[in-house]
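J.: In order, the protein sequences belong to chains R and G. For the first sequence, this note's numbering puts the final residue at 375, and the numbers step up evenly by one. For the second sequence, this note's numbering puts the final residue at 384, and the numbers step up evenly by one. Below is a structure I'd like to ask you about.
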Amino acid sequence: MTSPSKLYGQNSFGEVWGYAYAPQVSTRLKARLLRDAKGLRLVTEAGEELHAGAPSSRERISGGPCLMQFDDKWTFDTDDIDGVELLLGPADDGWISDLEHWHPRLFAFVALCLVGAVIIWKWGLDLLVAGAIALTPTVFVTSLDSGNLAAMDRILTDPTELSQADQTMVRNIFQKVTDHAPHAPYGEYRLEFRKADAMGPNAFALPGGTVVVTDALIKDFNDPDIIAGIIGHELAHVSERHSLQQLYRSLSAFMLISLMAGDVGPVLEDVLLEGSAIASLAYSREHEAEADVIGVKTSHAAGYDASALATFFETLSADYGEGGPEWMSTHPSHADRVETIKSLSAEQ
Amino acid sequence: MDTSDTFQVQFKGDAKTYFGIWIVNLLLTMVTLGIYSAWAKVRRKKYFAQNTTIDERRFDYHATGKQIFIGRLIVVGAYFVANILFAVAPIVGGIVFLVFLGLVPYLINRSLAFNARMTSFSGVRFGFNGSYWRAVLVFFVYPFLAIFTLYLALPFVSRATQKYVISRHRFGTSPFAFSSAIGPFYKAFLFAIGWMFGIMLLGAIVFGLPALMMEFFGASSAGQDPSLEAVIGFFIAYGVILVAILPAAYIYQAYLRNVVYAGTSLEGGHRFTSVVRPAKLLWIALSNAVVTACSWGLMHPWAAVRMARYLAASSYVTIEGSIDGIIGEEQEKLSALGDAFTDFEGIDVDFAI
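Okay, structure coming up:
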């Protein structure tokens, strides 16, 4: 880029051949930009002068032609880049063009991009997620709860058929466990009973602090220690904001991949998106494991036998089996969880 | 003049130059936390447009990074506001969502118009004259109705979409036109479907897949570890489905492109020809993906240039008389709103180019 020609551009005589186009018409004229004793002019092949004086703008991207505009009238393009530099002097617009030239510097850029990709994957996403969570208004999260619950009541769940005595028992356990659970980030923890046969014995937490327990869970596992363990686990999902993290993480991973890569090509884009979906499953398993750890602590602190949760998973495995290979699952395998819970509760 | 000349479309880009543009785009996008991606898009599109020529006349892309950036800001802002509305007042949110659904055909039209307006050839801009209700028909109503024909009418939908998109484009003030018999559309459809079912059937017979799959899911729901053969069978099934579906998409695309080019004309009698071969297109696409993946993405510029070169070399334009003298239009102002919307939604308006 520092050829001596740049130094004596400006006023040298010479010419550059290219094509001129009149405004608003596709007609092409073979023409040359010429500097002679009469000054700088745009002249057609036939010798007709189209414009006298310098171009009003001059534009070029790497690997493209040099495009010139003459006062909103004629445009002129040429591939003779060196010729233009000789005639008009070096272009002044091009620090990005300079960066783009084939040069060992590009290897450094490749390295920087790879480092950048790793940084974004390891910390950038977490930062983005943390930022999004911090910006999320409490009312948004609590209304997620009521919205989801209403939606589930329409399609999935029925009102509970548990006896009043059972409900009171579970409420008492819930009260004791919440007293020892980590702080609830979006208002008080709430307990809901629902009959949901499609879900089997199950419990789940909504992001705002609502814990839903299915009738089947209380009927099949009528053991305060197990119920306390499960509630402790679900409360941990709420206090650690797991659902929001997963929601934001998948959103921002999608945004980042499509923004950064822009044009990775049709086949590969799908591969990347599928890959990030599988990666987010690993993330979900991590959350489950974390909730197990916190849940065991909470139920132990509330005075329950934390190892009962292990019994729960053992029974589940025996009755329902595993749900396919672990890497395809949102939850760690039952066997792993049983082992972790047993060793954790032994430590308490 | 009533002579006609046929020109092959030329793509003069090379992987080395595009690599520089691409890596700098990527780096600046990362450093600016994504903001630069709007300018990056402009640079990429300019590179590909300016290096594509017919009879040494160039294409060009004229959008500015600022335009695209503002369009994206508005779309992101709208998503954000809509989400909050949904959460705070679900009823208002629901109404907003319905209004938004109603806007989708309009936004698709705006996106097509923006991209046409920002592209020029031989110094004259393209244009697109959308119609809201036609867009509703070809993008939503027809595809929905096709479901009830068990998708057997899909080629008709495809033809209607192409006709809508192409015949509403113009080059300067000269309109494009599109007309084609339905036969070739069915040919493309049948070849693609035939490949898909043929491979699946072959896979099922050769590997005895259904039995293996049954065993796999039977074993895992009984809580036992599935046998090794069953696990291998699971992966083979995955592979067979991949080999059945992926090439089918390219076979369809290749035939569709050829059919659409053959049916397209520009006022003045200019005609178009595409001679893409499905096997070759598939080979380029697949080997591109493999090479790109194995090089951690670094060979992407090479792959992109290779594909552009093949598609250009497979395209011909027959000029009746001369392409000189086509008059351009006064330019209306257009925002990049629709463009940003289709960018984010990943909507690729099925425009067989």
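For every residue, glycine included, the Cβ atom is placed at its ideal position computed from N, Cα and C.
(1) Taking the C-alpha atoms as reference points, what is the distance between Tyr163(G) and Glu361(G)?
(2) Measuring only between beta-carbons, confirm whether Lys218(G) sits less than 9 angstroms from chain R.
(3) Shorter than 9 angstroms from the beta carbon of Gln81(G) to some beta carbon of chain R?
(4) Thinking just about the alpha-carbon of each residue, which of Ile315(G), Asn56(G) and Ile197(G) is nearest to the one in His128(R)?
(5) Go to Ile85(G), then tell me how far its beta strand (DSSP E) extends in each direction, as first and last residue.
(6) Whose Cβ in chain R lies nearer than 9 angstroms to the Cβ of Tyr78(G)?
(7) Less than 9 angstroms between CB atoms is the rule here; does Tyr46(R) satisfy it with respect to chain G?
(8) For the region 169-184 of chain G against the region 77-86 of chain R, do three or more pairs of beta-carbon atoms, one drawn from each stretch, fall closer than 8 angstroms, so that the two count as touching?
(9) Please state whether DSSP places Ala79(R) in a helix, a strand or coil.
(10) Bridge partners of Trp101(R), per DSSP?
(11) Would you mind stating whether His210(R) and Thr325(R) have Cβ atoms separated by less than 9 angstroms?
(12) Please name the residue, chosen from Trp226(G), Val167(G), Leu132(G) and Ala80(G), that lies closest to Ala310(G) on a Cα-to-Cα basis.
(13) To which residues of the same chain is Thr184(R) closer than 6 angstroms at the C-beta, ignoring the five residues directly before and after it?
(14) Please specify which runs of the beta strand (DSSP E), each continuous and at least 3 residues long, are wholly inside the region 132-168 of chain G, giving them in chain order.
(15) Mind checking the region 44-75 of chain R against chain G and listing, in chain order, the residues whose C-beta falls within less than 7 angstroms of any C-beta there?
(16) Sort Met338(G), Phe171(G), Ile357(G) and Ile54(G) by Cα distance to Lys43(G) and report the nearest one.
(17) Can Val323(R) and Ile368(R) be called in contact, C-beta distance under 9 angstroms?
(18) Write down the C-beta distance between Ile99(G) and Ala371(G) rounded to the nearest angstrom, noting that I regard them as a contact closer than 8 angstroms.
(19) Quick one: which chain R residues come within Cβ less than 7 angstroms of Asp355(G)?
(20) Which first and last residues belong to the beta strand (DSSP E) in which Tyr347(G) is found?
(21) Please list, in chain order, the residues of the region 126-145 of chain R that have any C-beta partner in chain G closer than 9 angstroms.
(22) Can you say whether Ala12(R) is buried or exposed, counting buried as having 16 or more other CB atoms within 10 angstroms of its CB?
(23) With DSSP as the reference, please indicate the residues paired to Pro174(G) in a beta bridge.
(24) For Leu141(R), name the three-state secondary structure that DSSP assigns.
(25) In or out: Lys57(R) buried (at least 16 other Cβ within 10 Å) or exposed?
(26) Show which residues of chain R have a CB atom less than 8 angstroms away from the CB atom of Leu329(G).
(27) Hey, quick one: how far does the alpha helix (DSSP H) through Val240(R) stretch, first residue to last?
(28) Please report the distance separating the alpha-carbon of Lys97(G) from that of Thr63(G).
(29) What are the boundary residues of the beta strand (DSSP E) that Thr71(R) is part of?
(30) With a threshold of 9 angstroms between beta-carbons, can Phe339(R) be considered close to chain G, or not?
(31) In terms of DSSP beta bridges, what is Tyr92(G) paired with?
(32) Let's test the definition: count the other Cβ atoms within 10 Å of the Cβ of Asp91(G) and tell me whether it reaches 16, buried, or not, exposed.
(33) In chain order, what residues of the same chain lie with their CB nearer than 6 angstroms to the CB of Thr373(G), ignoring the 5 residues before and after it?
(34) Any beta carbon of chain R sitting closer than 9 angstroms to that of Lys47(G)?
(35) First and last residue of the beta strand (DSSP E) that includes Glu127(R)?
(36) Taking C-alpha atoms, which residue in Phe216(G), Gly328(G) and Gly359(G) lies nearest to Ala293(G)?
T.: So, from the data block:
(1) If you take the alpha carbons of Tyr163(G) and Glu361(G), they lie about 23 angstroms apart.
(2) No, its Cβ sits nowhere closer than 9 angstroms to a Cβ of chain R.
(3) yes
(4) Asn56(G)
(5) Thr83 to Ile85
(6) Ile88, Ser89, Gly90 and Gly91
(7) For Tyr46(R), the nearest CB of chain G lies under 9 angstroms from its own CB, placing it at the interface with that chain.
(8) no
(9) strand
(10) Phe97(R)
(11) For His210(R) and Thr325(R), no; Cβs fall outside 9 angstroms.
(12) Trp226(G)
(13) Arg221 and Ala223
(14) Whole beta strand (DSSP E) segments, 3+ residues: 150-152 and 155-159.
(15) Tyr48, Gln51, Val52, Ser53, Thr54 and Arg55
(16) Of the candidates Met338(G), Phe171(G), Ile357(G) and Ile54(G), the one whose C-alpha sits nearest the C-alpha of Lys43(G) is Met338(G).
(17) Between Val323(R) and Ile368(R), the CB-CB gap stays under 9 angstroms.
(18) 7 angstroms
(19) Ser53, Thr54 and Arg55
(20) Ser346 to Glu351
(21) Leu126, Glu127, His128, Trp129, His130, Leu133, Phe136, Val137, Leu139, Cys140, Leu141, Gly143 and Ala144
(22) The structure shown does not extend to residue 12(R), since chain R is modelled only from 28 through 375, so no value can be given for it.
(23) Per DSSP, none; premise fails for Pro174(G).
(24) Helix at Leu141(R).
(25) exposed
(26) Residues of chain R whose Cβ lies closer than 8 angstroms to the Cβ of Leu329(G) are, in chain order, Val137.
(27) Segment Thr237 to Thr241 is the beta strand (DSSP E) holding Val240(R); no alpha helix (DSSP H) there.
(28) 14 angstroms
(29) Gly66 to Thr71
(30) no
(31) Thr150(G)
(32) buried
(33) Excluding the 5 residues flanking it on each side, Thr373(G) has same chain C-beta neighbours closer than 6 angstroms at Ser142, in chain order.
(34) yes
(35) Premise fails: Glu127(R) lies in the alpha helix (DSSP H), Trp122 to Glu127, not in any beta strand (DSSP E).
(36) Phe216(G)
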